[in-house]
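Some notes on the structure that comes next.
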Amino acid sequence: MTQYESIIGLETHIQLNTQSKIFCSCKADSWLDAPNSNICPVCTGLPGVLPVLNRKAVEKAMLLASAMQAEIQPVSFFDRKNYFYPDLPKGYQISQYDMPLARGGFIDLPIPDSTGQNTTSYTRRIGITKLHLEEDAGKTKNIGGERQIDFNRCGVPLVEMVTGPDLRTAEEAAHYLFRLRQLLRWIDISEGDMEKGHLRCDANVSIRPVGVDYLNPKTEIKNVNSIDAVRDAISKEIERQIRETEAGQKIEAWTLEWDEDRGILKKMRSKETEADYRYFREPDLLALRIDDAWQNEVVSIQPELPLQRRQRFMNAYQLPEYDADILTSEKKLSDFFETATKAYPGDSKKISNWIMNDLLRILKDRNMQIDQMQLQPADLVEIITMVENGLINTSTGKSLIEKVEDSHQRPSEIVRSENLTRVSDESAIISACKEVLAENPTEVASYKAGKPTLMGWFVGQVMRKTKGKTDPEKAKEIFETLLH
Amino acid sequence: MITEELFKHLVDLAALELETDESQYLLGQMNNQITAINELEQIPLDDDVPPARHGVPFPAEISPTLREDKVDVYPNVEALLNQVPSSEDRYIIVPDIPHTELK
Amino acid sequence: MGICDLPAHQIAKMVRLREISAVEVLDASLDRIQQVDGRSGTLNPGEITNDDKQKVHAFISITTDLARAQAKAVDQKLAAGEDVGELAGVPVSIKDIFCVQGTHSTAASRILADFISPYTASPVNRLEAAGAVIMGKVNLDEFTYGSSNESSAFQPAPRNPWNTNHVPGGSSGGSAASVASGEVALSLGTDTAGSIRQPASFCGVVGLKPTYGRVSRYGLIAFASSLDCPGPIARNVRDAAMMLKIIAGADPHDSTAATHPIDDYLVSIEKNIKGKRIGLSPDYFRITYPDPVSGSFQQQAVTHEIEQPVRHAAEVLSDLGAEIIEDIPMPNTRHGIPAFFVISRVEAASNLHRYDGVKYGYRTPIQTDDLRLMYRRTRGEAFGLQPKLRILMGMYVSAAQYSEQYYMRALKVRSLIRQDFHEAFNPTGKYRLDALLTPTTPTPAFEMGAVYGDSVMMQYADQLTVPANHAGIPAISLPGGISSTGLPLGIQLLGPDFSESTLLSIAYAYESATSGESWRSSRPKVLS
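Chains as they are written, first to last, in this note's numbering: chain H, -1 to 482; chain B, 13 to 115; chain S, 439 to 966.
Next up, the structure:
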């Protein structure tokens, strides 16, 4: 049987997180708003209206271009892409066609192996062929043979970023989106929430026998709007194309739509694939000029990028790839780690462990972001140092993180005011242990009759008596002597 | 010359439905206009002639600045919705677009 | 002569001095409309009667209530001693291609017949802020696509006040007719290929197409967005200057509204024109057009009757101290129409995409479960022939396989046309002109029905006006005489970018110097 490889290119649409829309002053974010409420004559295409470009949208697109190593063009143009669709009120989309905001660019995508430890198996360079600004369309929904249209989304600023046909598996496509989403949040140009449509994706898919270098006709899957959907829809389409090809059918350049709820591909009945958009320069806008001064001003605020920082954490702090990956999943988390580790003379891995084991769990439990925490990097370092100095035990240290959140006090203040310093007086521990044994004769009997697992329970009782200040290892030692 | 077939394609692209007599008039007029515009092909054009998007060149000193990213809520949304031919619960309603499902 | 025949600047002055109230001016204006306009254009006019044929029919909608409220507001402000603006109480008509909040804004098309605009166009806003009284929306060719007004979906179409068997010109025909017949003192028109200047010329009034970007297009229902210019139509140069001063300037709603400073045009017009260099070009004394039968191109000199007012104006200006330079080569003038056929159609087809029955305006009453059928029927039923023709031509010349051959070429030809003007106006060049003086139109107003239907010949009526649109430069049409058949003849002045001040000063000098000439006493027949 013929072996096939798949050739995948992704066209992503990224909603920029500006306050207002790209060509009018309507609020851009309509997540919690009623349909057709953030609209005005401009974004609903009334007769006679004109677009006025939002400076911030240009600047955010410049940041992405620079992050993708793309070349920002000193002069670019807006064009009209003409087609009829009910979510497109003007009957054309203002986009950029042959003179886009940026050209070229790439991202080196680390593709992990299957161990689940985020260990890189290989790196795939994904080229960017085009990066341009455009306006979003509205939303349509099918309701029993009718379409409902909501224009709230019309005119939300979008960057369209198109990759070359450089991806080879559905998994790689999913990783590309994952890394892109991370980047967008990192440089603060988009919330990148796929469920809310901030990041959307069309996938171009074709297959060919392994070893050849020609390209077969591709299909375009529209509307794949989660990382799982990208993986599923592309896998399904690859399977379909192989099946059709094996059955002697030709693959035609169809436009398909992914129905996420039902997990199926639909084909539009129209001849939309033949669309001639009749692009021409948008006469209502002037050329977009970006001089060096503006570009430098905007790009100068660009932070170190996530994959660079990931690598640097591995090199500078000798972190395992797994740790570096998680610590750089978000910029603020990585900043927290780095501030803490710089203030801590010991092993960075220790900071990493505290963050990954404890801090992230608490953030998840409390549904918080790292920058919403009371706990500052210096607090974490203080806690770890107190544990290391034997001033408090580990469990007290961990509980301190939550106490800082609840009390808004610094760790050392809490230790002082709640008298949490470790009980190191051995006689005090011995008397506490003796009390426990005296109060629980039944358990003592069971233990002696051959139930060693009760040791943990005894230690727990002592911890309770001493409000957690006892070193559990010490208590265990004493119990073993007493019960011998 | 625009053939009947090309004309039909253009009518389709233009989302128009035409009466027969309209079609005849329009096709005839289009071919007359093409005679006129074919004159363009006779004009000698040097390679360095730039296409003019506007007559006025709009140098930077007379070009307006871009808009600042500030929300300004449009106060008359209901008047916009009042113009909609068919609506329900604030949604605009149109007929569906037929499609087929793939196995 | 009554209030209605006074210049706008004089009406405003009298209102400000409280010699007359704005409401009195309004009533006089309504009386004049009553006297000469006949019934307003409607979608279902029935038979056009002989009585209809004697009337002007400039209006689609007369906004009496709005006008009365505005006039009263002016009078109240005056009574309270408040500032009322330069156009206090002046009756103004608005070409129904501008959106005005709360009014039917139709573009003279069935597809927008029921559209009530929720916002007001920027130039209209500025007129209102200056105290103008908006009398209503005046008729035009459907979506401005024409040079006669006959293509309006709202009939009876406007007629020429000088002879109602003739067209008023177009597309700002209702504007020019309403000003010429004294229904209003000023009108806001638009000019894409000559749509202000040609009807101004046909109706014997002043029409100014400003530099592209001088006046905001926000709220102007677009025809060809890279060419459209709003501008004033008035009965004299001073009124046109006054109106331009009010509507000109940058606008946060229009990215192409230039930030170039605005002159005080009322001061400019008084300037001496001594030493101004004014050119005449042989390329504006002939027209080139395709023979309707053979399709081959014919070149024909304009008639003596058309040329004579231009020669006369040159003499007058020369006597005033201007320098007349003959034989200015403008070789690309003849290419204006073919290039316009391409550029304007591409932009028009795109601009008309939004009329699809989804959001506003007409939607086919025929129920269908297929969206595309809804589009086709809506557009098929509600667009007239001229929009359909422009959409289809636009589709053709911008289709992927033709756009290089037609569209890109036309844009380059536009550069050539601009280059002609650059050579003529270049202050360090061979000719160093301040203005070019030409006829406005190749013929006086034609009879109704004489050209309508022949889209090619109708377009060639714009041959002498369209180059200014391609080049973006300002141009003004002035009354220059009366034809042997009693119809007005126009002359045109063209100048470099943002030279409105100079054009207005030359125009004003000419108008003042010829004020005593006998043809100036002729009046439109509907007023006799």
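Using N, Cα and C, we set each Cβ at its ideal position, and we do this for glycine too.
Could you please give the first and the last residue of the uninterrupted alpha helix (DSSP H) stretch that includes residue i?
i	result
M371 of chain H	Per DSSP, M371 of chain H belongs to no alpha helix (DSSP H) and is neither H nor E.
D677 of chain S	675 to 685
T786 of chain S	It is worth fixing the name first, because residue 786 of chain S is Ala in this sequence and not Thr. Element bounds for A786 of chain S: 774 to 789.
R958 of chain S	That residue, R958 of chain S, is in no alpha helix (DSSP H); it is neither H nor E in DSSP.
F311 of chain H	304 to 315
M461 of chain H	452 to 463
N563 of chain S	560 to 567
Over the uninterrupted beta strand (DSSP E) stretch that includes residue i, give me the two end residues.
i	result
T940 of chain S	No beta strand (DSSP E) holds T940 of chain S; the alpha helix (DSSP H) holding it covers 938 to 951.
R78 of chain H	77 to 80
S915 of chain S	913 to 920
A672 of chain S	667 to 672
I763 of chain S	761 to 763
A201 of chain H	197 to 207
K575 of chain S	571 to 576
A739 of chain S	735 to 739
M159 of chain H	155 to 161
V643 of chain S	No beta strand (DSSP E) holds V643 of chain S; DSSP gives it neither H nor E.
S93 of chain H	90 to 93
How about residue i and residue j: are their beta carbons less than 8 Å apart?
i	j	result
L525 of chain S	A446 of chain S	yes
Q54 of chain B	L827 of chain S	no
P76 of chain B	S613 of chain S	no
A696 of chain S	G46 of chain H	no
M573 of chain S	S531 of chain S	yes
L444 of chain S	F592 of chain S	no
S586 of chain S	G569 of chain S	no
A509 of chain S	G527 of chain S	yes
L578 of chain S	D534 of chain S	yes
A760 of chain S	I716 of chain S	yes
P776 of chain S	L92 of chain B	no
F21 of chain H	L51 of chain H	yes
T118 of chain H	E319 of chain H	yes
L487 of chain H	K58 of chain H	Past the boundaries of the shown model lies residue 487 of chain H; chain H is included only from -1 to 482, so the question cannot be answered.
K396 of chain H	D356 of chain H	yes
R548 of chain S	A27 of chain B	no
Here's a check: name, in chain order, each residue in its chain whose Cβ is nearer than 6 Å to the Cβ of residue i, leaving out the five neighbours to either side.
i	result
E949 of chain S	V675
E819 of chain S	T802
N150 of chain H	S28, N36
P69 of chain B	none
G620 of chain S	C442, D443, R470
I381 of chain H	G395, L398, P409
M831 of chain S	R783
So, for residue i: in the same chain, excluding its five sequence neighbours on each side, which residues have a beta-carbon less than 8 Å away from its beta-carbon?
i	result
A341 of chain H	P375, A376, V379
I14 of chain B	L22, L39, M42, N43, I46
M453 of chain H	Y445, K474, F477, E478
L854 of chain S	N770, H773
Between residue i and the rest of its own chain, which residues show a CB-CB distance below 7 Å, the 5 nearest in sequence each way excluded?
i	result
T435 of chain H	It should be noted that the sequence gives Leu, not Thr, for residue 435 of chain H. So the list reads V442, L480, once near-sequence residues are dropped.
F82 of chain H	G89
I240 of chain H	Y2, I205
Does the ligand MN have a heavy atom nearer than 7 Å to the CB of residue i?
i	result
R229 of chain H	The ligand content of the structure shown is nil, which means the ligand MN is not present either.
What in chain A is Cβ-close to residue i, meaning under 8 Å?
i	result
V50 of chain H	In the displayed structure, chain A is absent; the protein chains listed are H, B and S.
Task: Uninterrupted alpha helix (DSSP H) stretches inside the stretch 811 to 894 of chain S (no shorter than 4 residues) - done: 823 to 836, 847 to 863
Task: Whole alpha helix (DSSP H) elements within the stretch 66 to 110 of chain B, 4-residue minimum - done: 89 to 93
Task: Segment contact flag, the stretch 785 to 793 of chain S with the stretch 839 to 846 of chain S, C-beta cutoff 8 Å, min 3 pairs - done: no
- [ ] Inspect the CB distances between the stretch 127 to 139 of chain H and the stretch 154 to 167 of chain H and report whether three or more fall short of 8 Å.
- [x] yes
TODO: Could you tell me whether the stretch 566 to 580 of chain S touches the stretch 844 to 863 of chain S, using the rule of 3 or more Cβ pairs below 8 Å?
DONE: no
TODO: Please list the segments of the alpha helix (DSSP H) lying wholly inside the stretch 102 to 133 of chain H, counting only runs of 4 or more residues, in order along the chain.
DONE: none
TODO: Evaluate contact between the stretch 640 to 653 of chain S and the stretch 900 to 920 of chain S, counting only Cβ atoms and requiring at least three cross-stretch pairs below 8 Å.
DONE: yes
- [ ] Write down every uninterrupted run of the beta strand (DSSP E) in the stretch 329 to 411 of chain H whose length is 3 residues or greater and which is fully enclosed by it, in chain order.
- [x] none
Open item on the list: Between the stretch 739 to 754 of chain S and the stretch 877 to 888 of chain S, can you find at least three pairs of beta-carbon atoms closer than 8 Å?
Closed with: yes
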